[in-house]
Every structure is written in C-alpha cells, then in structure tokens.
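Written out as structure tokens, the structure is:
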C-alpha cells in the first residue's frame, strides 16, 4: 500500500513539473505585462489541482490500459496473419475515433460559416449543416484511409519519406487550385484529427506491428502512422473544397 | 451544484468519445481475434483511469487555464494595450505586437510540454529506442518547434501574408532535412507534427489566432483566424529532425576528439 502511494506521489510530482511552465507563463504575463490581479483565485487553485490529478491519472492509465491493448491487438493480428482484417481494423480505428472528435465538429461548423459567407454554398441553416457534416465525414474518411496506408506501409516496407513527399506535393498542387477560404481550414484539419486517446492507441498499434513482423525495426517502421493521419486530411479537405 | 454538473457533463462527453473506440477494440477482439485479452481487469482499470484522467484534466483546464489564457489573448491583442506599449509612431506596425509574439512563443512551448498525447509518444519512443531518445529531449524539441511555429503564425496574421508561402517553405525544409537527418528519427519526427496539437494547445492557440484576426485592421477572423494549428504541426517536424542532427553532430565531434586524444597519447 505504502509503495503504491509512493508511486502515486511520484507521478503526481511529475505532473506538477509538466504543468509548471504553463503556470509560470500565465503568471508572468499577468503580473508583469498586463499588470492585473488574478480574479477568482479559489476556482483557479481548484482548477490547477484538477489538471494535475487528471494528467497523473491519464499517464497511469496509459501504461496500464491503452498501450497494452494496442500492442496486444497488433500482436494478435500479426499472428493471425490476416491482412484483410487488420486493414479493416485500421480503417475503423481511424474513422471511428475521428468522426465524433469535438475539435473536428467545432472546426467543421466554423468552416461551413466561412463557406457560406464567401458564397460557395447557400447561406442557409440546411446547406451549412450538410456542408459541415460532409466535411466531418471527409476528414474521418481521410484518417481511416491514412491509418490503412500507414499499416500497409509497415506490412510492405514502403519508404515513408517518399510517401510523405508525394503527399506534400499533392498538398502544394491542390493548394493552387482550391478556393482561398478553404486553405487555412484544410491545413488546420490535419492538426485537430489526432486526439489524446487516438495517439497512444495508434502509436502502440504501429510499434506492436513492427515488433511482431520479422525484419521490421520498431523505431523505423513503428512510427509514422500519426504522420499519415495528419497529412491526408489536408489533401482530402482541399479536394472537398474544390468539389463542393 | 454547478461544479458537479460540469464534472458530470464532461465525464459523459469524454465517455461518448471513448465508446466508439472501446466498441471497435472489443468488437474486433471478440469477433475477429476471438481470444481473451490478457490481464483484462488491468486493461479495463487502465482505461477507466484514462477516462477519469481526461475528465479531470479538461475540467481543470476549463476552470483555471482556458479563461485566463483566452482573456490574455484578448488583452494582448487589444488596440488600447498595444497603444500603451508600442515602439513605433504613426499607424501600428508589425513590430508593435512584440508581446503577442513573446506570448505566442511562451504559451506554445509551455502547453506542448503538458500535452498528454506527446507525453505518450515520448514514453513509447524512449522505450522503443532503448533510451537513446530521451523523453524530455523529444518533448523539449517538439515544444521549441511549436513555439516557433505559433510565433511565426501570429506574425503572419499581423502582416497578412498568405499561409501557403510559409507552409510550402516549411515543406521544402522538411524534405531537405529528411535527406540529412539520421534515418531512425525520420518517422518519429513526422509523427511529432500530429501529436502536438490536442487538448491543451488547440483552445488557447485558437483564441490567440481569433483575437489577432479580429483586432488587426484589414484581417478577417474567418479567413486569417485559421492556420495557427497548421504552423504548430509543421514546425515540430523540423525541430525534431534538427534535434537529432545536432545530437549526431555533437557525438561525432566527441568521437573525433576522443580518437585524436588517443592518437596523441599513443604517440607520446
């Protein structure tokens, strides 16, 4: 009991250290630049306590639950030897975790407003809602496809840098054809797709696969799934902006 | 009362985020893999911890950090504040926004250090590389990349240059670096672009971008307010590869120094 309490205190201190820079930055700007007293000290303090506790629990659960399940599934798929089911799993994981992502929903609604103001779609509730949903599904689809491509790369041993460069080239070409209003949103959509739960899971999947297939190096081949998941949405959203 | 209501609604919304993921995992586990999960109890407890952790984390952020951070972004971009600290005369120049750039840099770096998804990837990279890639080394490298990216992105909003000039230049740098960086770091570097921007960074950075685009004359919040996240996910790729290049250069120099010393000693 004492031992686990000690371990908990230790990770608690780790979280404090992780969060300290934010507190320092905010404190510095409040006191020296804006020169205003902080309001609501009590809710600030309780909020900070929650942030620290939350991060501690998250890191704990990460190593206990999220990493092991991701790796054990990757191992099981590799042993089963069914690439078909593995790819279906990869797609569902990418699509399923993205389609309900709150950050994506927010950005899709914002994008619909932009498109309506620019006159690309009718400025009506209905057409804006359908535009936003279309965008959400486009991004979710792109993340699903991205994880599939990333897993195929691990299986087939394709060189990642060539694939990423082809992706960059497509982004550059599409940027010159896409309407101006969609460009900022498209670039941003690459960053918002990868959430706090998806990232550890997908990373564990990639590393687990690369370690179970002989001839693959987990460092060289295990990473890179997230890279596809943040590049492909840009391409798909630029394309979506051109079609609609 | 309000507090428990917040806690409950946040817990429920996190739960709804997790349900599709859990559904996919256990669906495939039972229908396709058809083998019991090892240590199922431990895994489930771990997932519960993740759920509780994210809920607490978000609750604390909403309560303490986001309001203060948003307020700061608003105040720092407020024309009245800018008039008080300006260094030029006449119309406001891009250089009068210097506190904005400093804030963008500092908040980008500090929120990245606290980003849970990045901590997860850093732990994994450290484990896989057998300790060659330090957890803190990677996190600091990524944080510097995000900081530079957001500061540069704020500058872009202030001067109103098109975003794709910056992004395409960034791509060219990444491509060139890819050929010179140590091979083992490349996939991890590409990944670090995507993991930097989630729970902590996005809301604060979005507030800064929106505040800037609303107050800088001639910018539209709808067009120029976007794009900061793109900067925050491109520049870490560059900084992580640079980190690996610098460590390689240093170890090579160290090696050369050592061989030289040994050679001189043997001659004596």
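Protein chains in written order, with this note's numbering: chain A, 1290 to 1533; chain B, 81 to 348.
Backbone N, C-alpha and C define an ideal beta-carbon position, used for all residues, glycine too.
Partner residues on chain B for residue i, Cβ-Cβ distance less than 8 angstroms
i: residue 1457 of chain A; result: 251, 254, 255
i: residue 1507 of chain A; result: 208
i: residue 1323 of chain A; result: 152, 155, 156, 161
i: residue 1336 of chain A; result: 139, 140, 141, 142, 143, 144, 145
DSSP state of residue i mapped onto helix, strand, coil
i: residue 1463 of chain A; result: helix
i: residue 241 of chain B; result: coil
i: residue 1434 of chain A; result: helix
i: residue 1450 of chain A; result: helix
i: residue 1413 of chain A; result: coil
i: residue 119 of chain B; result: coil
i: residue 109 of chain B; result: helix
i: residue 196 of chain B; result: helix
i: residue 83 of chain B; result: helix
i: residue 93 of chain B; result: helix
i: residue 295 of chain B; result: helix
i: residue 209 of chain B; result: coil
i: residue 1479 of chain A; result: helix
i: residue 150 of chain B; result: helix
Beta-carbon neighbours of residue i, restricted to chain A and to distances below 9 angstroms
i: residue 295 of chain B; result: What residue 295 of chain B touches in chain A: nothing, since even the nearest Cβ is about 15 angstroms away.
i: residue 190 of chain B; result: 1308, 1309, 1310, 1311, 1312, 1313, 1314, 1315
i: residue 270 of chain B; result: 1449, 1450, 1453, 1512, 1513, 1515, 1516, 1517, 1519, 1520
Cross-chain neighbours of residue i in chain B, by beta carbon under 7 angstroms
i: residue 1386 of chain A; result: 100, 101
i: residue 1411 of chain A; result: None at all; the shortest Cβ gap to chain B is about 17 angstroms.
i: residue 1330 of chain A; result: Those do not exist, as residue 1330 of chain A stays about 10 angstroms from chain B at its closest Cβ, beyond 7 angstroms.
Extent of the continuous alpha helix (DSSP H) run through residue i
i: residue 1527 of chain A; result: 1514-1532
i: residue 341 of chain B; result: 308-347
i: residue 1293 of chain A; result: 1291-1317
i: residue 1374 of chain A; result: 1372-1388
i: residue 1487 of chain A; result: 1487-1501
i: residue 160 of chain B; result: 159-165
i: residue 1406 of chain A; result: 1391-1407
i: residue 1344 of chain A; result: 1330-1350
i: residue 1364 of chain A; result: 1356-1369
i: residue 144 of chain B; result: Per DSSP, residue 144 of chain B belongs to no alpha helix (DSSP H) and is neither H nor E.
i: residue 271 of chain B; result: 266-275
CA-to-CA distance, residue j to residue i, given in whole angstroms
i: residue 1421 of chain A; j: residue 1526 of chain A; result: 11 angstroms
i: residue 1513 of chain A; j: residue 1367 of chain A; result: 18 angstroms
i: residue 237 of chain B; j: residue 345 of chain B; result: 59 angstroms
i: residue 163 of chain B; j: residue 157 of chain B; result: 10 angstroms
i: residue 1341 of chain A; j: residue 1313 of chain A; result: 15 angstroms
i: residue 81 of chain B; j: residue 1449 of chain A; result: Because residue 81 of chain B sits at a pLDDT of 49, beneath the cut-off of 50, its placement in the model cannot be relied upon, and the point is left open.
i: residue 287 of chain B; j: residue 1391 of chain A; result: 16 angstroms
i: residue 219 of chain B; j: residue 198 of chain B; result: 7 angstroms
i: residue 304 of chain B; j: residue 271 of chain B; result: 26 angstroms
i: residue 1528 of chain A; j: residue 1455 of chain A; result: 16 angstroms
i: residue 30 of chain B; j: residue 1410 of chain A; result: Past the edges of chain B, shown from 81 to 348, lies residue 30 of chain B, and the structure says nothing about it.
i: residue 210 of chain B; j: residue 154 of chain B; result: 45 angstroms
i: residue 310 of chain B; j: residue 1292 of chain A; result: 44 angstroms
i: residue 111 of chain B; j: residue 1376 of chain A; result: 15 angstroms
i: residue 1325 of chain A; j: residue 263 of chain B; result: 49 angstroms
i: residue 1521 of chain A; j: residue 1435 of chain A; result: 6 angstroms
i: residue 1507 of chain A; j: residue 1492 of chain A; result: 11 angstroms
i: residue 1516 of chain A; j: residue 267 of chain B; result: 8 angstroms
i: residue 1389 of chain A; j: residue 172 of chain B; result: 42 angstroms
i: residue 88 of chain B; j: residue 1470 of chain A; result: 38 angstroms
i: residue 229 of chain B; j: residue 1482 of chain A; result: 19 angstroms
i: residue 1486 of chain A; j: residue 336 of chain B; result: 44 angstroms
Cβ separation of residue i and residue j, assumed to be a contact under 8 angstroms, to the nearest whole Å
i: residue 1461 of chain A; j: residue 251 of chain B; result: 7 angstroms
i: residue 245 of chain B; j: residue 1353 of chain A; result: Not really, about 46 angstroms apart at Cβ, beyond 8 angstroms.
i: residue 127 of chain B; j: residue 1323 of chain A; result: About 41 angstroms separates the two Cβ atoms, so there is no contact after all.
i: residue 224 of chain B; j: residue 215 of chain B; result: Actually they do not touch by this definition, with Cβ atoms about 15 angstroms apart.
i: residue 1494 of chain A; j: residue 1363 of chain A; result: 5 angstroms
i: residue 1490 of chain A; j: residue 1359 of chain A; result: 5 angstroms
i: residue 320 of chain B; j: residue 191 of chain B; result: Actually they are not in contact, since the Cβ atoms of residue 320 of chain B and residue 191 of chain B sit about 17 angstroms apart, beyond 8 angstroms.
i: residue 1402 of chain A; j: residue 1413 of chain A; result: That pair is no contact at about 12 angstroms.
i: residue 1407 of chain A; j: residue 1424 of chain A; result: Not confirmed; about 14 angstroms, so no contact.
i: residue 1442 of chain A; j: residue 1458 of chain A; result: So it is not a contact: roughly 17 angstroms between Cβ atoms.
i: residue 133 of chain B; j: residue 1344 of chain A; result: 7 angstroms
i: residue 139 of chain B; j: residue 90 of chain B; result: 5 angstroms
Chain-ordered neighbours of residue i on chain B, where CB pairs are closer than 9 angstroms
i: residue 1503 of chain A; result: Residues of chain B passing the Cβ test: none, with the nearest at roughly 16 angstroms.
Contact list for residue i against chain A, beta-carbon separation under 7 angstroms
i: residue 313 of chain B; result: 1479, 1480, 1519
i: residue 335 of chain B; result: Under the 7 angstroms cutoff, chain A gives no residues; its nearest Cβ is about 21 angstroms from residue 335 of chain B.
Neighbour list for residue i in chain A, Cβ cutoff strictly below 8 angstroms
i: residue 413 of chain B; result: Missing from the structure shown is residue 413 of chain B; chain B here goes from 81 to 348 and no further.
i: residue 128 of chain B; result: 1350, 1354
Residue i: CB within 7 angstroms of a non-hydrogen atom of the ligand COA
i: residue 1428 of chain A; result: For the ligand COA, the structure offers nothing, since it holds no ligand at all.
Residue-chain proximity (residue i, chain E), Cβ-Cβ < 8 angstroms
i: residue 1436 of chain A; result: The chain labelled as chain E is not found among the protein chains of the depicted structure, namely A and B.
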